[in-house]
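Trainee: Submitted below is the structure of interest, expressed as structure tokens.
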Ligand code: CO8
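Shown next as structure tokens:
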């Protein structure tokens, strides 16, 4: 059987940043406006006033300090409260392709591979800009890659499932080099007017080059020792925005379910044990002592969630270096989170160091990738 390595990673970070202070100021201005508009109903007791958001709550509940976004002007305007991102015309490059090309160029340069060496492109993300043609095919075209491309979506686990799909294709000989990208524009699917979740997400794109081991030449290589994916149906994280959207009964005003919705407390309680048990079992099945893992690159949704999983897997409080968090800088970037953590916190590991990339989220979905540094 062929062996597969990750030979390069790339991260495109949008230049615009929204701090918690800016976010809360905009949200509170919006809430005040709404309360003024509905003052009569509020004083008649037929409507609840909107409560203010707070920086202290956001940091304490999530560990998030700021987020990068593709457009902050709309999000911070209390009369808009969503990013000003227009739909691209048919003859323009798509916004997801633009982000993916930037991340891919970095990953390909690190891997030392040119476009003609790449045999396939997988665009794995939580939301896609259009139904078809596949975003992956547009990225393939923009980079001058031959072969084939396809999109896939497993919400927050899109990237780890994408790595498993790529590794399986390389092992079975479909191609010997795959570019897997994760352009996540979470700001477009977040209800910025909802106090319970307005702080959760940010935008980013990650890219990973996977190669058949004997072909890889880059200075830093992580061999994929084993992958494991699990899905278990749950409505606790849901977005109903599908192709039947326009057939909703006319006159329906509330479109809240056409964006990200979650029962955060339930997600927290239910997902943590599934993930920690799966990591421990996966390691055991592969003869890896989980307490000896040198690093865990976890999905970046919530710091307490990660601290809990880290403690359960390692059997002690993980050092910051053992379980790097990036959500203070990026917030939750869906499937890209664990890949940012890996891309920014793996070069320092010595050869033979072992680690696990682990994602979890809507579906529910959990994806593990056990890796070992081999160069
Ligand atoms: N400011 C001040 N107070 C607040 C705020 C706020 N912004 N929001 C809520 N509160 C209050 C509440 O009203 C509540 O008050 P009370 O106790 O009086 O009722 C109190 O704070 C506690 O509220 P919560 O119970 O909601 O707070 P938690 O401590 O549970 O924290 C979290 C909320 C942070 C959401 C937490 O539950 C969590 O992180 N859960 C896990 C979430 C998770 O991992 N989700 C995965 C989703 S991502 C994914 O799978 C990809 C989907 C696709 C993505 C992209 C598109 C956008």
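In the working numbering, the protein residues as written are -7 to 367.
Glycine included, every Cβ here is placed at the ideal spot set by N, Cα and C.
Figure out for me which residue from 14, 107, 294, 287 has the closest Cα to the Cα of residue 271.
Mentor: 287
Trainee: Opposite residue 204 in the DSSP bridges: which residues?
Mentor: Residue 204 is bridged to -4.
Trainee: Just to confirm the assignment: which complete alpha helix (DSSP H) runs, minimum length 4, are found wholly within the stretch 139 to 200?
Mentor: 150 to 163
Trainee: Spatial neighbours of residue 230 within its chain, please: CB distance less than 6 Å, with the 5 preceding and 5 following residues excluded, ordered by chain position.
Mentor: Closer than 6 Å at the Cβ level, and outside the excluded window around residue 230, lie 253.
Trainee: In three-state terms, what does DSSP make of residue 60?
Mentor: strand
Trainee: Please report the Cβ distance between residue 64 and residue 130, rounded to the nearest whole angstrom; I am assuming they are in contact, meaning their Cβ atoms lie under 8 Å.
Mentor: 26 Å between Cβ atoms; not a contact.
Trainee: Return yes when the Cβ of residue 3 is within less than 8 Å of the Cβ of residue 95, no when it is not.
Mentor: yes
Trainee: To which residues of the same chain is residue 60 closer than 7 Å at the C-beta, ignoring the five residues directly before and after it?
Mentor: 5, 6, 8, 9, 194, 195, 196, 322
Trainee: Between the C-alpha atoms of residue 261 and residue 43, what's the straight-line distance to the nearest angstrom?
Mentor: Roughly 26 Å between the two C-alpha positions.
Trainee: Give the single residue among 259, 157, 178 whose Cα lies nearest to the Cα of residue 219.
Mentor: Ranking 259, 157, 178 by Cα distance to residue 219 puts 157 first.
Trainee: Please indicate yes or no: does the CB of residue 229 lie closer than 7 Å to some heavy atom of the ligand CO8?
Mentor: yes
Trainee: Mapping DSSP to helix, strand and coil, what is residue 254?
Mentor: strand
Trainee: Considering residue 360, what are the terminal residues of the beta strand (DSSP E) in which it resides?
Mentor: 357 to 365
Trainee: By a C-beta neighbour count over all protein chains shown, 10 Å radius and 16 as the cutoff for buried, is residue 102 buried or exposed?
Mentor: buried
Trainee: Using the beta-carbon of each residue, find all residues closer than 5 Å to any heavy atom of the ligand CO8 and list them in chain order.
Mentor: 45, 46, 49, 53, 54, 118, 147, 148, 178, 181, 182, 187, 188, 193, 229, 252, 256, 257, 259, 260, 293, 294, 326, 353, 354
Trainee: Are there 16 or more other CB atoms within 10 angstroms of the CB of residue 75, so buried, or fewer, so exposed?
Mentor: buried
Trainee: What residue range is occupied by the uninterrupted alpha helix (DSSP H) comprising residue 68?
Mentor: Here residue 68 belongs to no alpha helix (DSSP H), and DSSP marks it neither H nor E.
Trainee: Only counting the same chain, and skipping five residues up and downstream in sequence, which positions put a Cβ closer than 7 Å to that of residue 267?
Mentor: Close CB contacts of residue 267 within its chain, under the 7 Å cut and outside five residues either way in sequence, are with 301, 350, 352, 358 (chain order).
Trainee: Find the nearest neighbour of residue 211 within the set 71, -6, 257, -1, judged by alpha-carbon distance.
Mentor: -1
Trainee: Is residue 67 buried or exposed, if buried means 16 or more other CB atoms sit within 10 Å of its CB?
Mentor: buried
Trainee: Can you have a look at residue 290 and say buried or exposed, based on whether 16 or more other CB atoms are within 10 angstroms of its CB?
Mentor: buried
Trainee: With distances taken between CB atoms, is the gap from residue 345 to residue 292 smaller than 8 Å?
Mentor: no
Trainee: Report the rounded CA-to-CA distance for residue 90 versus residue 36, giving the unit in angstroms.
Mentor: So the two alpha carbons sit approximately 51 Å from each other.
Trainee: What three-state label does DSSP hand residue 290 in the structure shown?
Mentor: Strand at residue 290.
Trainee: Counting along the chain, where does the alpha helix (DSSP H) carrying residue 87 start and finish?
Mentor: 87 to 103
Trainee: So what's residue 220 in DSSP terms, helix, strand or just coil?
Mentor: Taken through DSSP and simplified to helix, strand or coil, residue 220 comes out as strand.
Trainee: Can you give me the C-alpha to C-alpha distance between residue 78 and residue 366, rounded to a whole angstrom?
Mentor: 44 Å
Trainee: Are the beta-carbon atoms of residue 112 and residue 153 separated by less than 8 Å?
Mentor: No, the pair does not count as a contact, with Cβ atoms beyond the cut-off.
Trainee: Taking the continuous beta strand (DSSP E) assigned at residue 8, which residues delimit it?
Mentor: 8 to 11
Trainee: Here's the rule I'm using: 16 or more other beta-carbon atoms within 10 Å means buried, otherwise exposed. How should residue 164 be labelled?
Mentor: exposed
Trainee: I think residue 283 touches residue 256, with their Cβ atoms under 8 Å apart; what is that distance to the nearest whole Å?
Mentor: That pair is no contact at about 30 Å.
Trainee: Keeping to the same chain, check which residues put their C-beta closer than 8 Å to that of residue 155; ignore five residues upstream and five downstream.
Mentor: -2, 172, 200, 202, 216, 219, 349, 359, 361
Trainee: So is the beta-carbon of residue 361 under 7 Å away from any non-hydrogen atom of the ligand GDP?
Mentor: Among the ligands in the structure shown, the ligand GDP does not appear; only the ligand CO8 can be found there.
Trainee: Mind checking which residues open and close the beta strand (DSSP E) that includes residue 353?
Mentor: 346 to 353
Trainee: Please classify residue 339: is it buried, with 16 or more other beta-carbons within 10 angstroms of its beta-carbon, or exposed?
Mentor: Per the 10 Å Cβ criterion, exposed.
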